[in-house]
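Everything on this sheet refers to the single structure shown next.
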Amino acid sequence: MKAKKYSALLLGSALIAGLLAGCGGNQAQEVKTPQTETQTKPAETNGPLTVNQALPDSQILSKGPHGETAVSAKTLKLTEDDLKKIKEKRYKAAIVMHYAGNDWSTAQVEGLKAAFNKMGIEVVAVTDAQFKAEKQVADIETVLAKNPDIIVSIPVDPVSTASAYKKAAEKGVKLVFMDNTPNDLKHGEDYVSVVSADNYGNGVEAAKIMAEKLGGKGKVGVIFHDSDFFVTKQRTDAFEKTIKEKYPDIQIVDRGGIIGPNDGEKVTSAMLTKNPDLKGIFVVWDVPAEGALAAARTAGRNDLIITTIDLGTNVALDIAQGGPIKGLGAQLPYDQGVAEAILAGYSLLGKEAPAYVAVPALRVTKENVFEAWKMVYNQDAPKAVHDAAK
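Position in the sequence shown (from 1) plus 2 gives the number in our numbering.
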């Protein structure tokens, strides 16, 4: 996928879902998945349906949005007999996104479409709420007119969208959520399951990489998401707890909060001015980490070690060329989409689905950036990333 100037909107694991609301149009907007020359073909039609079994076998460390214990996505499976039963019913599904203009969303949709294709389920709509809660409510209304059996979605705002999702549930639509759930909806009654990345596990990986690159000692700063949102809070909590408990010679000497993805450069610049002996900075997701990288370069601090979460194009470029961003913990959105489709299949078959499912964390450094990109997006890394490594 090509790097974009507007990548400040690349929020990885739906980092501002539930935070941004606003006015939107009344029509659901169809979104076409961008095609690239390296895009892979849909899932094969024979054999059982599972997520990629080559994913890490690491223990899931995250909890769900309501404190649920995680079940690994690698344990989910639809057998050939299951798939045959689903295909006979000719079900329909809709995908209601919070935002569709980034690599994370594109990979989710691709994973969902490939899995639904294997299940013989027609995808009748893919919508983009453009981070506007009112538009997402309108999108849900428009989608319901298409009579889907399944809706897979991530709520822009868990409060203001709740009644629209509740209406869908009352109509008998099977709801599967990404990352978060609308307020007051109950597992097993109103929705099937919620699926996310192992955000806590990815925070642990970012801490381990930081410690390795520092040689186990030095002063570091933390740039956190200054909002009460469980996904980003888990990442920061994991990084800080891992550093404090496992690396006593690494000191967290400064913390700076960001509200949005464009705040990384400003906060990093202030942190470096205040702490000229700072050796490293953890940034809660990849787009503000790009800002931290810019601030480090402006300050002449190419020796600064940066770790983060989410494998976006620009951080992959810096990792590949050996820049200050030394590594990260990555989400696996393609397989998250596959897991969501499988759980929808469970509900259609009357099989019990766990309340919370997570895809394992993935450590990414210069040594495995190409393999990691393939695993994250189910396609080869962009030419620009390969060129950077040279």
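Every residue, glycine too, gets a C-beta built ideally from N, C-alpha and C.
Open item on the list: Please identify the residue among 113, 301, 277 whose C-alpha is closest to the C-alpha of residue 267.
Closed with: Relative to residue 267, the option among 113, 301, 277 whose CA is nearest is 301.
Task: Of the listed residues 76, 49, 346, nearest to residue 199 (C-alpha basis) - done: Residue 199 has its Cα closest to that of 76, out of 76, 49, 346.
Open item on the list: Just to confirm my understanding: we take residue 321, look at its own chain, exclude 5 residues before and 5 after, and list those with CB closer than 6 Å. What are they?
Closed with: Within the same chain, residue 321 has close Cβ partners 327, 368, 371.
Task: Helix, strand or coil at residue 416 according to DSSP, with G and I counted as helix - done: Absent from the structure is residue 416, since the part of the chain shown begins at 3 and ends at 392.
- [ ] Indicate the three-state DSSP secondary structure (helix, strand or coil) for residue 68 in the structure shown.
- [x] In the structure shown, residue 68 sits in coil (DSSP, three-state: anything other than H, G, I, E or B).
Task: Between the CA atoms of residue 345 and residue 78 - distance to the nearest angstrom - done: Linking residue 78 to residue 345 through their CA atoms gives a straight-line distance of about 8 Å.
TODO: Take the Cβ of residue 278 as the centre, count every other Cβ of all protein chains shown within 10 Å, and call the residue buried at 16 or more, exposed below.
DONE: Under this definition residue 278 is an exposed residue.
Task: Cutoff 6 Å; reference residue 89; Cβ partners in own chain excluding five residues on either side - done: Excluding sequence neighbours, residue 89 sits near 122.
- [ ] Drop a sphere of 10 angstroms on the beta-carbon of residue 207, count the other beta-carbons inside from all chains shown, and report buried for 16 or more, exposed for fewer.
- [x] That one is buried.
Task: Sequence-distant residues of its chain with Cβ nearer than 6 Å to residue 74 (five each side left out) - done: For residue 74, where only same-chain residues beyond five positions count, the Cβ hits under 6 Å are 62.
Task: Which of helix, strand or coil DSSP assigns to residue 367 - done: Looking at residue 367 - three-state DSSP - the assignment turns out to be strand.
Task: CA nearest to the CA of residue 48, picked from 214, 220, 119 - done: Ranked by Cα distance from residue 48, the options 214, 220, 119 are led by 119.
Task: Residue environment, residue 248, which counts as buried when at least 16 other CB atoms sit within 10 Å - done: It is exposed - the Cβ of residue 248 has fewer than 16 other Cβ atoms within 10 Å.
Open item on the list: Excluding the 5 residues flanking residue 317 on each side, which residues of the same chain have their C-beta closer than 7 Å to its C-beta?
Closed with: Around residue 317: 288, 291, 292, 310, 327, 330.
Task: Span separating the alpha-carbon of residue 58 from that of residue 202 - done: Between residue 58 and residue 202, the C-alpha separation is close to 15 Å.
Task: residue 390 beta carbon less than 7 Å from that of residue 366 - done: Against a cut-off of 7 Å, the Cβ pair of residue 390 and residue 366 comes out as no contact.
Open item on the list: For the beta strand (DSSP E) containing residue 257, name the first residue and the last one.
Closed with: Its beta strand (DSSP E) spans residues 252-260.
Open item on the list: Let me confirm a value: residue 210 is counted as buried when at least 16 other C-beta atoms fall within 10 Å, else exposed. Which label applies?
Closed with: Residue 210 counts as buried, since at least 16 other C-beta atoms from the protein chains shown sit within 10 angstroms of its C-beta.
Open item on the list: Let me make sure I understand the geometry here. Which of 351, 182, 56, 382 has the alpha-carbon closest to that of residue 83?
Closed with: Closest by alpha carbon: 351.
Open item on the list: Taking the straight line between their C-alpha atoms, what separation do you get for residue 229 and residue 132?
Closed with: So the alpha carbons of these two residues sit roughly 20 Å apart.
Task: Residue range of the unbroken alpha helix (DSSP H) whose run includes residue 313 - done: Neither: residue 313 is in no alpha helix (DSSP H) and is coded neither H nor E.
TODO: Work out the CA separation of residue 101 and residue 94 for me, nearest whole Å.
DONE: Using only the alpha carbons, I get a separation of about 22 Å.
Open item on the list: For a test of the three-state rule: what should DSSP assign to residue 347, helix, strand or coil?
Closed with: Reduced to three states, the DSSP call for residue 347 is helix.
Open item on the list: If I measure Cβ to Cβ from residue 215 and keep anything under 6 Å in the same chain, skipping five residues before and after, which residues do I get?
Closed with: Within its own chain, the residues whose Cβ lies closer than 6 Å to the Cβ of residue 215, once the five positions on either side in sequence are excluded, are 307, 328, listed in chain order.
Open item on the list: Check whether the segment 251-259 and the segment 177-188 are in contact - that is, three or more C-beta pairs closer than 8 Å.
Closed with: Under the three-pair Cβ rule at 8 Å, the segment 251-259 does not count as touching the segment 177-188.
Open item on the list: Checking the sheet assignment: what are the DSSP bridge partners for residue 195?
Closed with: DSSP lists 178 as partners of residue 195.
Open item on the list: Measuring only the C-alpha atoms, how far is residue 148 from residue 116?
Closed with: Residue 148 and residue 116 have their C-alpha atoms spaced approximately 21 Å apart.
Open item on the list: I'd like the span of the alpha helix (DSSP H) that includes residue 292, first residue to last.
Closed with: Bounds of the alpha helix (DSSP H) holding residue 292 are 288-300.
Task: Residues near residue 269 by beta carbon distance below 7 Å, same chain, minus five either side - done: Only 225, 258, 260 meet the Cβ criterion.
Open item on the list: Using only the alpha-carbon positions, how far apart do residue 1 and residue 246 sit?
Closed with: The shown model of the chain, from 3 to 392, leaves out residue 1, and the question about it has no answer.
Task: Span separating the alpha-carbon of residue 383 from that of residue 64 - done: Approximately 28 Å, taken between the alpha carbons.
Task: Spatial neighbours of residue 170 in its chain, beta-carbon cut-off 7 Å, leaving aside the 5 residues before and after - done: Within the same chain, residue 170 has close Cβ partners 142, 146, 153, 177.
Task: Beta-carbon spacing of residue 404, residue 223 below 7 Å - done: Outside the displayed range of the chain (3 to 392) lies residue 404, so it cannot be described from this structure.
Task: residue 250, buried or exposed, once every other Cβ within 10 Å from all chains shown has been counted against 16 - done: It is exposed - the Cβ of residue 250 has fewer than 16 other Cβ atoms within 10 Å.
TODO: Report yes if the C-beta distance between residue 197 and residue 373 is below 7 Å; otherwise report no.
DONE: Cβ atoms of residue 197 and residue 373: not closer than 7 Å.
Open item on the list: For residue 66, which residues in the same chain have their Cβ closer than 7 Å to its Cβ, ignoring the five residues on either side in sequence?
Closed with: The residues 72, 196, 357, 358, in chain order, have a CB closer than 7 Å to that of residue 66 in the same chain once the five nearest residues on each side in sequence are set aside.
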